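Please read the structure below before turning to the comments.
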Ligand SMILES: [Fe+2]
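Residue numbers (the numbering used here): 3 to 344.
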């Protein structure tokens with residue numbers, strides 16, 4: 003099925019409803035693109051959302067092309083625009099039941115499953131409807147989560163772009179270290195990666211540096227004690243900056259807030275110790291150190307790969323979780339492949 007829709011809510015409703023009858027939906031936000039798709043494909047049905055910008059002539063052209071490939075046109079009208087060229091029109095407020103009914107009457111061949119000619123009693127009918135409702139709610143929730151995740155990724159990308167303008171080194175470090183942290187998570191706790199917030203936390207771990215003044219952030223040498231204290235505020239600042247994307251109870255927020263905690267309790271901002279430190283932050287701390295040690299700094303050259311591993315090993319049990327360090331050493335070849343270092 004082809005859907006020409008530029009409205010996120012209606013697209014979501016359409017996809018979730020058609021998911022119930024296992025109909026694939028190709029989507030496009032413009033009538034012109036819809037016409038182009040109809041030159042190469044033959045969908046069983048074309049859905050045209052009246053909210054998509056386009057003249058009556060453009061809509062007619064789409065309807066003619068749909069007719070040429072035997073596809074009826076279902077219009078999703080707005081309060082003021084009924085879409086004259088459609089075979090059938092649904093008016094606000096459209097619900098899943100309306101969509102499935104319209105699809106059924108316009109294009110029954112879209113159904114993957116044969117209609118069941120089974121007599122059911124009212125109680126069974128009620129159970130079936132409840133089951134369908136559950137499936138619809140689940141499908142809608144999955145679609146909504148996917149939509150929220152895409153939005154969060156776009157916002158995260160925007161924040162990283164701002165960071166790149168401010169401090170290109172921190173930006174580049176964020177990309178590299180996220181890659182290390184992903185690989186290390188696979189080795190230590192792959193379930194962490196099923197939560198999309200984890201990877202966003204990896205990418206945005208230093209986003210709080212946006213709130214640190216240039217004279218401190220871009221200072222080439224060691225910082226004074228006062229400036230170091232200010233710089234350390236980036237962990238808490240970052241968690242605050244990202245809180246609309248990563249609420250405090252998410253793994254991603256924990257990475258940002260706790261990535262400078264030490265296994266022996268001497269880190270910051272909260273001085274957490276051992277297993278008090280969230281696992282995602284313990285993993286990230288090792289990945290962070292690996293990249294820091296193997297990158298050039300204004301005051302020193304990058305360590306070799308082997309020297310970086312020795313340094314991290316020496317800090318297992320003080321700075322780092324020994325289990326995570328052991329995983330790094332065991333998977334050293336996988337990490338080696340991620341870098342061009344000697
Ligand atoms: Fe940091």
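Every residue, glycine too, gets a C-beta built ideally from N, C-alpha and C. The structure displayed is predicted, hence computed values, not measured ones.
Nearest candidate by alpha-carbon position, reference residue i, set the options
i: residue 281; options: 260, 180 and 27; result: 260
i: residue 283; options: 82, 187, 60 and 227; result: 187
i: residue 24; options: 247, 137 and 40; result: 137
i: residue 59; options: 278, 170 and 37; result: 37
i: residue 182; options: 330, 18 and 14; result: 330
i: residue 258; options: 152, 317 and 290; result: 290
i: residue 64; options: 53, 226 and 88; result: 88
i: residue 276; options: 287, 286 and 264; result: 264
i: residue 317; options: 266, 78 and 161; result: 266
i: residue 53; options: 62, 10 and 20; result: 10
i: residue 30; options: 44, 40, 21 and 6; result: 6
i: residue 190; options: 173, 28 and 328; result: 328
i: residue 212; options: 301, 172 and 338; result: 172
i: residue 203; options: 79, 225, 151 and 56; result: 151
i: residue 244; options: 158, 103 and 104; result: 158
i: residue 222; options: 139, 302 and 287; result: 302
i: residue 20; options: 106, 81, 55 and 79; result: 106
i: residue 43; options: 251, 8, 34 and 3; result: 3
i: residue 178; options: 82, 296, 315 and 79; result: 296
i: residue 78; options: 322, 92 and 86; result: 92
i: residue 248; options: 168, 193, 199 and 39; result: 199
i: residue 229; options: 155, 215, 169 and 240; result: 215
i: residue 255; options: 220, 156 and 197; result: 197
i: residue 338; options: 304, 35, 185 and 148; result: 185
i: residue 237; options: 227, 270 and 217; result: 270
i: residue 325; options: 304, 287, 162 and 305; result: 287
i: residue 252; options: 102, 195, 166 and 219; result: 195
i: residue 176; options: 156, 192, 201 and 193; result: 201
Residue i CB to nearest heavy atom of ligand 1 below 7 Å
i: residue 208; result: yes
i: residue 294; result: no
i: residue 237; result: yes
i: residue 309; result: no
i: residue 262; result: yes
Boundaries of the alpha helix (DSSP H) in which residue i is found, first to last residue
i: residue 331; result: 324-332
i: residue 190; result: 170-190
i: residue 218; result: 216-219
i: residue 55; result: Premise fails: residue 55 is in no alpha helix (DSSP H) and is neither H nor E.
i: residue 207; result: Looking at the DSSP string, residue 207 is not in any alpha helix (DSSP H), and its letter there is neither H nor E.
i: residue 225; result: Careful: residue 225 lies outside any alpha helix (DSSP H) and carries neither H nor E.
i: residue 71; result: Residue 71 -> no alpha helix (DSSP H), and no H or E assigned at all.
i: residue 87; result: Neither: residue 87 is in no alpha helix (DSSP H) and is coded neither H nor E.
i: residue 104; result: 98-108
i: residue 11; result: 10-21
i: residue 34; result: 33-42
Residue i - containing beta strand (DSSP E), residue span
i: residue 30; result: 28-30
i: residue 91; result: 90-92
i: residue 77; result: 75-78
i: residue 50; result: 48-51
i: residue 6; result: 4-6
Exercise. Is the stretch 217-235 in contact with the stretch 201-209, if contact means three or more CB pairs nearer than 8 Å?
Worked result: Segments in contact, no.
Exercise. Does the stretch 307-314 come close enough to the stretch 323-335 to have 3 or more Cβ pairs within less than 8 Å?
Worked result: Yes, since at least three Cβ pairs between the stretch 307-314 and the stretch 323-335 fall closer than 8 Å, the two stretches touch.
Problem set entry | Touch test, the stretch 68-76 against the stretch 43-55, Cβ-Cβ under 8 Å, three pairs minimum | yes
Exercise. What residue ranges within the stretch 240-321 form continuous alpha helix (DSSP H) runs of no fewer than 4 residues, ordered along the chain?
Worked result: 253-260, 281-295 and 307-316
Exercise. Is it true that the stretch 97-112 meets the stretch 12-21, where meeting means three or more beta-carbon pairs spaced less than 8 Å apart?
Worked result: The stretch 97-112, when compared against the stretch 12-21, does touch it at the 8 Å Cβ threshold.
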